[in-house]
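**Student:** No gaps in the numbering here: position 67 of the sequence shown is 48 in our numbering, and each next residue is one more.
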Amino acid sequence: MTVRRTALVTGASRGIGRAIAERLAEEGFDLTLSARADGPLKDTADQLRVHGGRVETASADMADPEQVEALADAHLQLHGGIDVLVLAAGMGTGGELAAYPLHKLDTMLAVNLRSNFQLTQRLLPALRTAGAAPSGLGAKIIAIASITGVVSEPGLAAYGATKAALISLCESITTAEGARGVNATALSPGYVDTDMAAWVHDRVDPATMIQVSDIAELAVALCRLSRYAAVPNIVVTRPGETLWRA
Ligand SMILES: NC(=O)c1ccc[n+]([C@@H]2O[C@H](COP(=O)([O-])OP(=O)(O)OC[C@H]3O[C@@H](n4cnc5c(N)ncnc54)[C@H](OP(=O)(O)O)[C@@H]3O)[C@@H](O)[C@H]2O)c1
């Protein structure tokens, strides 16, 4: 009998998180989908159930540590374990370094970094169990960072700093937990055609942006690797002169 793997996907109601959740559903994963707004989350879950797996929802605001803790516990209660943790919930606001409001930096750090650290910590015992499973696939953490965490982008100092920290966190997770079969990967794209990238439509044609399916494909490939292959960070960029630009 094949043991079904389970995944918790944050930011799962639209964009990159939704695309990854859909590909994982196609691959036979049981899922918990999370985001703040309950309606779109439930609609997404209804759509993903056609693939035959168990798809549950648990809404949570990643800015609120109590809700983050409750989300981790809800996933374990629903599924009894976790094989893959997809950290796709995120936010970004631009602004000049000199005048960037610190309260906005605090919120962005909470959503883009602290929540992911906290979810990892809370789920670590269950991830270690999956890491040692006989399948040899181990447990995976896949965090959606950004190319702005690798090379700085004008006007995105705060956002880029949160994503650089997330890339570092992924490395640290693999360094600390890889021997137990728990590996983390940051996926660091340039502009992906989602709602989040709509603010640059006046200068970047959405038709030329990275597709959510590109990121989802990489996530699925990572889930197929053995526990002995660690992939710290994958930069996905747009071809041409934008090679090292968002
Ligand atoms: N699009 C890009 O160009 C791009 C490039 C590089 C990296 N990224 C990163 O990719 C990730 C996904 O972005 P996307 O482009 O798919 O954005 P998106 O289409 O706007 O989707 C964002 C998802 O995250 C959820 N979310 C947002 N804030 C949240 C919060 N405080 N708590 C819980 N859930 C929250 C949203 O649902 P609710 O609003 O209902 O909460 C939604 O499901 C983000 O981490 C982003 O930084 C995006």
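Glycine included, every Cβ here is placed at the ideal spot set by N, Cα and C.
When every heavy atom of ligand 1 is checked, does at least one fall within less than 6 Å of the C-beta of S194?
**Tutor:** Your numbering for residue 194 matches position 213 in the sequence shown. S194 Cβ: outside cutoff for every heavy atom of ligand 1.
**Student:** Kindly indicate the opening and closing residues of the beta strand (DSSP E) around V67.
**Tutor:** Against the sequence shown, residue 67 aligns to sequence position 86. Here the beta strand (DSSP E) through V67 covers V65 to L68.
**Student:** Does the Cβ of R(-1) have 16 or more other Cβ atoms within 10 Å, making it buried, or fewer, making it exposed?
**Tutor:** Here the question's residue -1 lines up with position 18 in the sequence shown. R(-1) should be labelled buried.
**Student:** May I have a chain-ordered list of the alpha helix (DSSP H) segments no shorter than 4 residues that lie completely inside the stretch -17 to 21?
**Tutor:** Correct list: -4 to 7.
**Student:** Go through its chain and collect everything with a Cβ distance to A6's Cβ below 7 Å, but skip five positions before and after it.
**Tutor:** The sequence position of residue 6 within the sequence shown is 25, counting from 1. Around A6: L12, L29, H32, G34 and V36.
**Student:** Note down the Cα distance separating A(-7) from L66, rounded to an integer number of angstroms.
**Tutor:** Within the sequence shown, numbered from 1, the residue matching residue -7 stands at position 12. Within the sequence shown, numbered from 1, the residue matching residue 66 stands at position 85. Straight-line Cα distance between these residues: approximately 12 Å.
**Student:** Assign H182 to buried or exposed, taking buried as 16 or more other Cβ atoms, counted over all protein chains shown, within 10 Å of its Cβ.
**Tutor:** Numbered from its first residue, the sequence shown carries residue 182 at position 201. When all chains shown are included, H182 counts as exposed.
**Student:** Any idea if T189 is buried or exposed, counting beta-carbon neighbours within 10 angstroms, 16 or more meaning buried?
**Tutor:** As a working mapping, residue 189 is identified with position 208 in the sequence shown. Counting Cβ neighbours within 10 Å, T189 comes out exposed, since fewer than 16 surround it.
**Student:** Identify whether A114 lies in helix, strand or coil by the three-state DSSP scheme.
**Tutor:** Within the sequence shown, residue 114 is the residue found at index 133, counting from 1. The answer is coil: DSSP assigns A114 none of H, G, I, E or B.
**Student:** Determine which residues share a DSSP beta bridge with S169 and list them.
**Tutor:** For this step, residue 169 is matched to residue 188 along the sequence shown. V216.
**Student:** In angstroms with no decimal places, state the Cα-to-Cα distance between A211 and L168.
**Tutor:** Indexing the sequence shown from 1 puts residue 211 at position 230. Indexing the sequence shown from 1 puts residue 168 at position 187. For A211 and L168, the distance between alpha carbons rounds to 13 Å.
**Student:** Measuring straight from C-alpha to C-alpha, what distance separates I1 and V201?
**Tutor:** As a first step, residue 1 must be located in the sequence shown, where it is residue number 20. As a first step, residue 201 must be located in the sequence shown, where it is residue number 220. Cα to Cα, I1 sits roughly 8 Å from V201.
**Student:** Within a Cβ cutoff of 7 Å, which residues of the same chain sit near G130, ignoring the five residues on either side of it in sequence?
**Tutor:** Indexing the sequence shown from 1 puts residue 130 at position 149. Contacts found: G141, K144, A145, L147, I148 and S169.
**Student:** In this structure, does DSSP put L206 in helix, strand or coil?
**Tutor:** What you label residue 206 is simply residue 225 of the sequence shown in a count that begins at 1. The answer is coil: DSSP assigns L206 none of H, G, I, E or B.
**Student:** If we count Cβ pairs, one from each stretch, closer than 8 Å, do we get three or more for the stretch 115 to 127 versus the stretch 146 to 165?
**Tutor:** Contact between the stretch 115 to 127 and the stretch 146 to 165 is present, because at least three Cβ pairs lie under 8 Å.
**Student:** Just how far apart, CA to CA, sit T38 and D87?
**Tutor:** Within the sequence shown, residue 38 is the residue found at index 57, counting from 1. Within the sequence shown, residue 87 is the residue found at index 106, counting from 1. Each residue's Cα considered, the two are about 27 Å apart.
**Student:** I need the DSSP call for L224, collapsed to helix, strand or coil.
**Tutor:** Mapped onto the sequence shown, residue 224 falls at position 243. Looking at L224 - three-state DSSP - the assignment turns out to be coil, as it is neither helix nor strand.
**Student:** For the beta strand (DSSP E) containing I122, list its first residue and its last residue.
**Tutor:** Walking along the sequence shown from the start, residue 122 turns up at place 141. Taken as a continuous stretch (DSSP letters only), the beta strand (DSSP E) holding I122 covers A120 to I125.
**Student:** At a cut-off of 6 Å, is I125 close to ligand 1 when judged by its beta-carbon and the heavy atoms of the ligand?
**Tutor:** Position 144 of the sequence shown, counting from 1, holds the residue named residue 125. Yes.
**Student:** Using the three-state DSSP reduction, which class does T74 fall into: helix, strand or coil?
**Tutor:** By 1-based counting over the sequence shown, the position of residue 74 is 93. Note: T74 maps to coil in three-state DSSP.
**Student:** I need the DSSP call for E134, collapsed to helix, strand or coil.
**Tutor:** Against the sequence shown, residue 134 aligns to sequence position 153. In the structure shown, E134 sits in coil (DSSP, three-state: anything other than H, G, I, E or B).
**Student:** Taking Cβ positions, are A69 and I125 nearer each other than 7 Å?
**Tutor:** In the sequence shown, counting from the first residue as 1, residue 69 sits at position 88. In the sequence shown, counting from the first residue as 1, residue 125 sits at position 144. Yes, they are a contact pair.
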